[in-house]
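Engineer:
Numbering (our numbering), first residue to last: 415 to 676.
1) What separation, rounded to the nearest whole angstrom, lies between the Cα atoms of residue 359 and residue 471?
2) Taking 8 Å as the cut-off, does the stretch 507-522 touch the stretch 555-573 (at least 3 CB pairs, one atom from each stretch)?
3) At what residue ranges does the stretch 518-573 contain a whole run of the alpha helix (DSSP H), taking only runs of 4 or more?
4) Report back the beta-carbon spacing between residue 601 and residue 633 to the nearest angstrom; my notes put them in contact at under 8 Å.
5) For residue 658, does the three-state DSSP call read helix, strand or coil?
6) Could you give the distance in angstroms between the alpha-carbon of residue 559 and the alpha-carbon of residue 447?
7) In the DSSP output, what is residue 637 paired with across the bridge?
8) Can you grab the Cα-Cα spacing for the pair residue 456 / residue 533, in whole Å?
9) Give me, in chain order, the residues of the same chain whose beta-carbon lies closer than 7 Å to that of residue 670; leave out the 5 immediate sequence neighbours on both sides.
10) Among residues of its own chain, excluding the 5 on either side of residue 505, which ones have a beta-carbon nearer than 7 Å to its beta-carbon?
11) Any idea what DSSP makes of residue 488, helix, strand or coil?
12) Taking DSSP as the reference, what is the three-state secondary structure of residue 607?
13) Since residue 418 is in the alpha helix (DSSP H), which residue starts that stretch and which ends it?
14) For residue 672, which three-state DSSP category applies?
15) Once the 5 residues before and after residue 425 are set aside, which same chain residues still bring their CB inside 6 Å of it?
16) For residue 490, which residues from the same chain have a beta carbon less than 6 Å from its beta carbon, with the 5 sequence-adjacent residues on both sides left out?
17) Which partner residues of residue 500 appear in the DSSP bridge assignment?
18) Candidates 531, 464, 433: which alpha carbon is nearest residue 643's?
19) Which of the three DSSP states is assigned to residue 449 in this structure?
20) Since residue 571 and residue 645 should fall inside the 8 Å C-beta cutoff, what is the C-beta to C-beta distance between them, to a whole number of angstroms?
21) Rounded to whole angstroms, how far is the Cβ of residue 616 from the Cβ of residue 631, which I believe are closer than 8 Å?
22) Indicate the three-state DSSP secondary structure (helix, strand or coil) for residue 470 in the structure shown.
23) Closest by CA to residue 562, which one among 547, 544, 546, 581?
24) Could you have a look at residue 596 and say whether DSSP puts it in helix, strand or coil?
25) Can you name the start and end residues of the beta strand (DSSP E) that residue 620 belongs to?
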């Protein structure tokens with residue numbers, strides 16, 4: 415009897431320690447005021463960050479994938495991601511993303527590709543130009559149209575905006591993205607428990623986005639626990655922490671952004 419009680423107490427303490435470790439990063443982001451709280455979304459900055467060339471000066475095809483800290487308290491945990499496309503000769507960009515407040519959730523419409531996400535500046539995760547972009551754009555459109563859960567949105571653990579972008583990326587052979595560890599929902603695999611990693615350099619398994627493992631050259635080793643990511647990148651040495659993002663060398667696609675820390 416006493417042994418059973420001790421075992422139960424040990425398990426409870428272990429779970430509390432794991433939970434504390436997972437929440438330490440988001441708590442730090444809030445305590446350090448790196449995430450703005452109490453803002454009014456309708457008044458938040460939505461201006462262009464100047465990361466995307468104007469169609470008038472850049473006639474070739476272009477595909478870009480962006481991330482920016484989520485609005486209000488959600489930003490302490492993760493980022494929102496989206497895809498922008500512009501065929502050769504087009505006069506505008508098309509922005510593809512999932513929005514929590516609409517049904518169907520998928521939005522695909524002309525817009526500025528690099529707008530701040532309600533006060534948070536975006537970071538360019540990856541891009542394709544020229545022929546590579548021209549080949550990828552029809553495949554992106556097909557994948558966007560085929561997204562199977564347009565009637566569902568759940569901030570945690572998914573399906574959410576990051577689930578959508580990762581789902582599209584996995585279905586476009588030429589488009590590879592090493593998502594920041596703060597892209598909560600990127601590992602929610604919908605109708606399977608195993609898949610190729612979004613970077614195309616390894617594989618992952620995931621149980622409903624709550625518990626999983628990714629092993630890949632670009633991502634390194636990532637553990638998904640309760641929808642949050644802990645990991646280590648060995649090729650560009652860095653720790654990956656919930657809420658904070660990368661601590662160490664920048665990822666291969668960009669220098670620093672909403673999913674990374676100083």
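All residues carry an ideal CB built from backbone N, CA and C; glycine is no exception.
Structural biologist: Working from what's here:
1) There is no way to answer for residue 359, as the model of the chain reaches only from 415 to 676.
2) Per the Cβ contact rule, the stretch 555-573 is in contact with the stretch 507-522 (3 or more Cβ pairs under 8 Å).
3) Restricting attention to alpha helix (DSSP H) runs no shorter than 4 residues, the stretch 518-573 encloses them at 544-560, ordered along the chain.
4) So it is not a contact: roughly 10 Å between Cβ atoms.
5) When secondary structure is reduced to three states using DSSP, residue 658 falls in the coil class, being assigned neither helix nor strand.
6) Spanning the alpha carbons of residue 559 and residue 447 requires a straight line of approximately 38 Å.
7) DSSP lists 627, 644 as the beta-bridge partner residues of residue 637.
8) Using only the alpha carbons, I get a separation of about 10 Å.
9) Because the pLDDT of residue 670 is 37, which lies under 50, any placement of that residue in the model is unreliable, and the number read from its coordinates should be weighed accordingly. Taken in chain order, the residues that qualify are 664.
10) Closer than 7 Å at Cβ, skipping near neighbours: 469.
11) Correct three-state label for residue 488: helix.
12) Taken through DSSP and simplified to helix, strand or coil, residue 607 comes out as coil.
13) Element bounds for residue 418: 416-445.
14) Its pLDDT being 41, under 50, residue 672 is placed unreliably in this model, and the value from its coordinates should be taken loosely. It is coil, neither helix nor strand.
15) Closer than 6 Å at Cβ, skipping near neighbours: no residue.
16) Answer for residue 490: 440, 443, 444, 449, 657, listed in chain order.
17) According to DSSP, which records beta bridges pairwise, residue 500 is partnered with 476.
18) Checking every option, the nearest Cα to that of residue 643 belongs to 433.
19) In the structure shown, the three-state DSSP call for residue 449 is coil.
20) With a Cβ gap of about 16 Å, residue 571 and residue 645 do not count as contacting.
21) Sure, about 6 Å apart at Cβ, within 8 Å.
22) Coil at residue 470, not helix or strand.
23) When each option's Cα is compared against that of residue 562, the closest is 581.
24) Taken through DSSP and simplified to helix, strand or coil, residue 596 comes out as coil.
25) Taken as a continuous stretch (DSSP letters only), the beta strand (DSSP E) holding residue 620 covers 616-621.
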